[in-house]
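Notes for the one structure printed next.
Numbering (the working numbering), first residue to last: 1 to 190.
Rendered as structure tokens:
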């Protein structure tokens, strides 16, 4: 082994999909990658797993040198509606305990409503802000799929009607988050 380099042993079911990215990362750190094939071999450092495998791995005892790229209940932050609910709950908790300055930090999230359950509250807010642009995001999708913007409530109602017709044949009603669109956001390093 070269001076200043170290080996990292990887275990995972879909490593081939991420091989190029992982090699770049490890090369930048001057680490060698060694693939572990046998899951009983406990010498691995990183188990590249899918979210469906994460709970099983987290329930087992990990050694101090072992990591996985997920954490328990990750969806509480990664699903849009759960993130909204948790920030709302956290703000309420901070306010109740007299931490007003910390509670105001939760206002960094734009005005948000969860549809269909908060539809009436959304309509009330919409009427207070005529001409505003709103963005609709499906909670269980990613990569911009299913997102659209609207200004007129009629556009949302038409979209909602078409979704209900479609979903009656597909199964349960999908949940969406509606937020006031921020047209000039503060960006990190931008």
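The C-beta atom is built at its ideal place from N, Cα and C for all residues, glycine as well.
It should be emphasised that the depicted structure is a prediction, and the values quoted were computed from it without experimental measurement.
Residue range of the unbroken alpha helix (DSSP H) whose run includes residue i
i	result
residue 137	Segment 134-138 is the beta strand (DSSP E) holding residue 137; no alpha helix (DSSP H) there.
residue 77	75-78
residue 58	51-59
residue 105	100-105
Cβ neighbour criterion (16 or more within 10 Å) applied to residue i
i	result
residue 124	exposed
residue 42	exposed
residue 122	buried
residue 77	exposed
residue 50	exposed
residue 81	buried
residue 71	exposed
CB-CB length for residue i against residue j, believed under 8 Å
i	j	result
residue 173	residue 138	The pair is not a contact, with the Cβ atoms about 11 Å apart (cut-off 8 Å).
residue 140	residue 79	7 Å
residue 95	residue 177	No, residue 95 and residue 177 are not in contact; Cβ-Cβ is about 22 Å, not under 8 Å.
residue 57	residue 68	5 Å
residue 75	residue 109	So it is not a contact: roughly 17 Å between Cβ atoms.
Extent of the continuous beta strand (DSSP E) run through residue i
i	result
residue 177	176-180
residue 149	148-150
Assigned secondary structure, residue i (DSSP; H/G/I helix, E/B strand, else coil)
i	result
residue 115	strand
residue 94	helix
residue 46	strand
residue 67	strand
residue 155	helix
residue 188	coil
residue 162	helix
residue 109	coil
residue 85	helix
residue 120	helix
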